[in-house]
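Only one structure is covered here, and it is reproduced in the block below.
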Amino acid sequence: MAELVGCFAASHGPLLVRDWARVPAAEKTRLSAAFRELGRRMDAARPDVLIEVSPDHWVNFHLENIPAVCIGVGETHEGPPEPFLKAYPHREMPGHPELAAHVVKTALARGFEPSFSYRLKLDHGFCIPLWRMELERLPRIVPMIVNSIEPPLPTLERCFSWGHILSEAIESYPQPMRVAILASGGLSHSIGEPTMGRIDEAFDRECIRLLSHTDEKALIRYLENAVPKAGNGTDEVRNWLVAHGAAAGRGFQLVDYLPVPSVYVGCGFAFWKMKR
Ligand SMILES: [Fe+2]
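Numbering (numbering that gives the first Met the number 0), first residue to last: 0 to 275.
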């Protein structure tokens, strides 16, 4: 049986790479340290496969077809197409088609109906955390795209339940294998709307506080009310809910949080404690 060996979460944003030179030095230091600390913890968990949960920022899916959830079942995934990620070290990343297909089958058996794709490009949402975490070795990647970009979006509760599906799929996978989960996105940010650039620090801190507890009903209730007022990018907190559900109420530990106006994002970094 496979084993869930770690759940992690990190923010992303194009400006973390594109406008890195403009980020004040003290914030650069903290951001780099937080990414590296997650990378150190992920290396220590020694995952063979990483299920990475991120949105698709108009790279694979457009208005003619936007899945609520799409699992990448390909042998490989393409590297990021964004010009500012030209220096990203992997033009192609290995997938794990067998585990990915098992996730899809497990979901279907539970009444969840994801889309799946043999051909995905992994954009900055996937690649910025992977790059900045400075991993010793890139695990095979099973991408899970959750629509937090174009409404209507999957419900917050559903995203939490998806975490249970992932942990069930991992635990029922017949081969021994170490699997980690990385949620990429959030916390509060606002892009391409009148509040562009606003970071809702109060929202971010309450979200972090609630994630540190095991009362997921209180967390989801809070998010349902607060996410629509905290900027359109904040919908990406769905990915953190997937990881939270997969970790099944084990303790959430914050590595760092800092609002970074120069990149427009309330940047959070966290991991969940795993069973020994
Ligand atoms: Fe994003």
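Ideal Cβ positions, reconstructed from N, Cα and C, are used throughout, including at glycine.
Computed from a predicted model, the values in this text were never measured in an experiment.
Q) Is I70 closer than 8 Å to V102 when the C-beta atoms are compared? A) As a working note, residue 102 is residue 103 in the sequence shown. As a working note, residue 70 is residue 71 in the sequence shown. Yes, Cβ-Cβ distance for V102 and I70 is below 8 Å.
Q. Just to confirm, are A217 and L210 a CB contact at a threshold of 8 Å?
A. The residue given as residue 217 occupies position 218 in the sequence shown. The residue given as residue 210 occupies position 211 in the sequence shown. No, the Cβ-Cβ distance between A217 and L210 is not below 8 Å.
Q. Can you tell me where the beta strand (DSSP E) with M143 in it begins and where it stops?
A. Walking along the sequence shown from the start, residue 143 turns up at place 144. Where M143 is concerned, the enclosing beta strand (DSSP E) stretches over 139 to 145.
Q. Is any heavy atom of ligand 1 found at a distance shorter than 7 Å from the C-beta of G354?
A. There is no way to answer for residue 354, as the model of the chain reaches only from 0 to 275.
Q.
I'd like the list of long-range same chain contacts for W271, defined as Cβ closer than 6 Å, with 5 residues on each side in sequence excluded.
A. The residue given as residue 271 occupies position 272 in the sequence shown. These residues qualify, in order along the chain: C6, A246, R249, F251.
**Q.** Classification of Y87 by the beta-carbon crowding that lies within 10 angstroms, buried from 16 upward
**A.** Taking the sequence shown and counting its residues from 1, the one referred to as residue 87 is at position 88. Y87 should be labelled buried.
Q: Assuming V52 contacts A182 (C-beta within less than 8 Å), just tell me the rounded distance between them.
A: Translated into positions along the sequence shown, residue 52 becomes position 53. Translated into positions along the sequence shown, residue 182 becomes position 183. Yes, V52 and A182 are in contact; Cβ-Cβ is about 5 Å, under 8 Å.
**Q.** Distance cut-off 7 Å: P54 Cβ against heavy atoms of ligand 1
**A.** Here the question's residue 54 lines up with position 55 in the sequence shown. Checking every heavy atom of ligand 1 against the Cβ of P54, one is found closer than 7 Å.
Q: Measure from the alpha carbon of G244 to the alpha carbon of each residue in G185, G191, M195, L165, then state which is nearest.
A: Residue numbering aside, residue 244 sits at position 245 when the sequence shown is read from its first letter. Checking every option, the nearest Cα to that of G244 belongs to L165.
Q: Using only the heavy atoms of ligand 1, determine whether one of them is closer than 7 Å to the beta carbon of E235.
A: Residue mapping note: residue 235 aligns to position 236 of the sequence shown, counting from 1. Flag set: Cβ of E235 near ligand 1.
Q: Could you check the C-alpha separation between A43 and R177 for me, to the nearest Å?
A: The sequence position of residue 43 within the sequence shown is 44, counting from 1. The sequence position of residue 177 within the sequence shown is 178, counting from 1. Taking the straight line joining both Cα atoms gives about 12 Å.
Q: Report buried or exposed for S189, applying the criterion of at least 16 other Cβ atoms within 10 angstroms of its Cβ.
A: Here residue 189 refers to the residue found at position 190 of the sequence shown. That one is buried.
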